[in-house]
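Novice: Numbering of the sequence shown is given in this note's numbering, commencing with residue 758 and proceeding in unit increments.
Every residue gets a Cβ at the ideal spot worked out from N, C-alpha and C, and that includes glycine.
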Amino acid sequence: MDRQASGRAAEDRALQWLLQQGLRLIERNYRCRLGEIDLIMEDRDCLVFVEVRKRGHGSRVSAEASVDARKQQKLIHAANLYLSRYPRRASQPCRFDLIALASDSERATPLWYKDAFRP
758 MDRQASGRAA EDRALQWLLQ QGLRLIERNY RCRLGEIDLI MEDRDCLVFV
808 EVRKRGHGSR VSAEASVDAR KQQKLIHAAN LYLSRYPRRA SQPCRFDLIA
858 LASDSERATP LWYKDAFRP
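1) Less than 8 Å between the CB atoms is what I'm expecting for V807 and D795, so what's the real figure, rounded?
2) Taking E821 as the reference, give the member of L855, K871 and E768 with the closest Cα.
3) Could you tell me the boundaries of the alpha helix (DSSP H) in which E784 lies?
4) For G792 and R875, what's the separation of their Cα atoms in angstroms?
5) Got a sec? Which residues, its chain only, sit under 7 Å from M798 by beta carbon, not counting five neighbours each side?
6) Provide the residue(s) that pair with G764 in DSSP beta bridges, ordered along the chain.
7) Could you check where the alpha helix (DSSP H) with R852 kicks off and where it finishes?
8) Would you report the Cα separation of Q761 and R801, rounded to the nearest angstrom?
9) Identify which residue in P867, K871 and F853 has its Cα closest to the Cα of R770.
10) Please classify K871: is it buried, with 16 or more other beta-carbons within 10 angstroms of its beta-carbon, or exposed?
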């Protein structure tokens, strides 16, 4: 499976898991000039910007560690642009979550880091 297909499968898996946890999908693969947000969801009244990461055993950096300060800033800027385009959402509380997936098992429970970082 190529990298793009693998990433899509990881996002599919994360999305299904988050839906089972009661979140509601707002948008998938939001793209703008500042970057991309994998999933935008609602958790009750909170708008959630979700980054999905999948890493294998051979990776030098864990899925969690791969969302470094630079990546966080890109996500924050993209989220701010999203909120400026959809002003009715700007009044909602927001958070940034991370879903980390291990590539070695399709049955393993995703690791869900709620409020993984803050602007």
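Specialist: Well, looking at it:
1) Counted from its first residue, the sequence shown places residue 807 at position 50. Counted from its first residue, the sequence shown places residue 795 at position 38. Yes, they are in contact, since the Cβ atoms of V807 and D795 sit about 6 Å apart, within 8 Å.
2) The count along the sequence shown starts at 1 and reaches residue 821 at position 64. Looking at the Cα atoms, L855 is the closest of the given residues.
3) Within the sequence shown, residue 784 is the residue found at index 27, counting from 1. Unbroken run through E784 is the beta strand (DSSP E), R781 to C789; no alpha helix (DSSP H).
4) As a working note, residue 792 is residue 35 in the sequence shown. As a working note, residue 875 is residue 118 in the sequence shown. Looking at the two C-alpha atoms, the distance is approximately 17 Å.
5) Along the sequence shown, one-based indexing puts residue 798 at 41. Around M798: L775, L780, R781, L782, I783, V805 and V807.
6) Counting from one through the sequence shown, the residue named residue 764 turns up at place 7. Paired residue(s): none; G764 is not in a bridge.
7) Numbered from its first residue, the sequence shown carries residue 852 at position 95. From DSSP, R852 is part of no alpha helix (DSSP H) but of the beta strand (DSSP E) over C851 to A859.
8) In the sequence shown, counting from the first residue as 1, residue 761 sits at position 4. In the sequence shown, counting from the first residue as 1, residue 801 sits at position 44. So the alpha carbons of these two residues sit roughly 31 Å apart.
9) Working through the sequence shown from its first residue, we reach residue 770 at position 13. Out of P867, K871 and F853, P867 has the C-alpha closest to the C-alpha of R770.
10) Position 114 of the sequence shown, counted from the first residue, corresponds to residue 871. Exposed, by the Cβ-count rule.
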